[in-house]
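Okay, structure first, notes after.
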Amino acid sequence: MKHPSILLFFLVSSFIIKAQELNSIEDNFLWSPLYVKASAYNSLKTQTVGNPAISAWGDTLQSGMKAIAISRDLLKLGITHNTPIKIEGYEGIYFVKDKMNARYRKKIDIYMGIELQKARDFGNKNLKIWYGIPQKNEN
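Residue numbers (mature numbering (1 follows the signal peptide of the UniProt record, and there is no 0)): -19 to -1, 1 to 120.
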């Protein structure tokens, strides 16, 4: 490689830009904690009715997305489509892209693409999450 310092510059720059984007997102919300049951799901025909890559809100799910599905009772808290979610022990911000069957309560499903074994290995956990409530601008 002729110029490893250029590659390093671009890697560091992209990391800084991504961190600034996350901070910008985080600064626009008040973060409310909540304890939930968590499991994982995939875009597989055996796990859904209809097109497994299309969420309840019409989003197209793709492997690698930081997406979750929520139990419908969480809608009453203001958690809805595209609400940002931070999950204890997991990096980054996830976004609500799907809804679960009405029989579930206080539960999230973390999207894991088509990696069935990864979802099975995740199993069921009790986790703390924080959901973002938009701050009102006083301008």
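Glycine included, each C-beta is placed from N, C-alpha and C at the ideal position.
Rounded to the nearest whole angstrom, the C-alpha separation of Leu97 and Leu108 is 21 Å. The beta carbons of Leu55 and Val17 sit closer together than 9 Å.
The C-beta distance from Ser44 to Gly94 rounds to 3 Å, short enough to fall under 8 Å.
Using a 10 angstroms sphere on the CB of Asp102, the tally of other CB atoms stays under 16, which defines it as exposed. In its chain, beyond the 5 residues on either side, Pro65, Gly113, Ile114, Pro115 and Gln116 have a beta carbon closer than 7 Å to the beta carbon of Phe10. In this structure, the alpha-carbon of Lys106 lies about 11 Å from that of Ile91.
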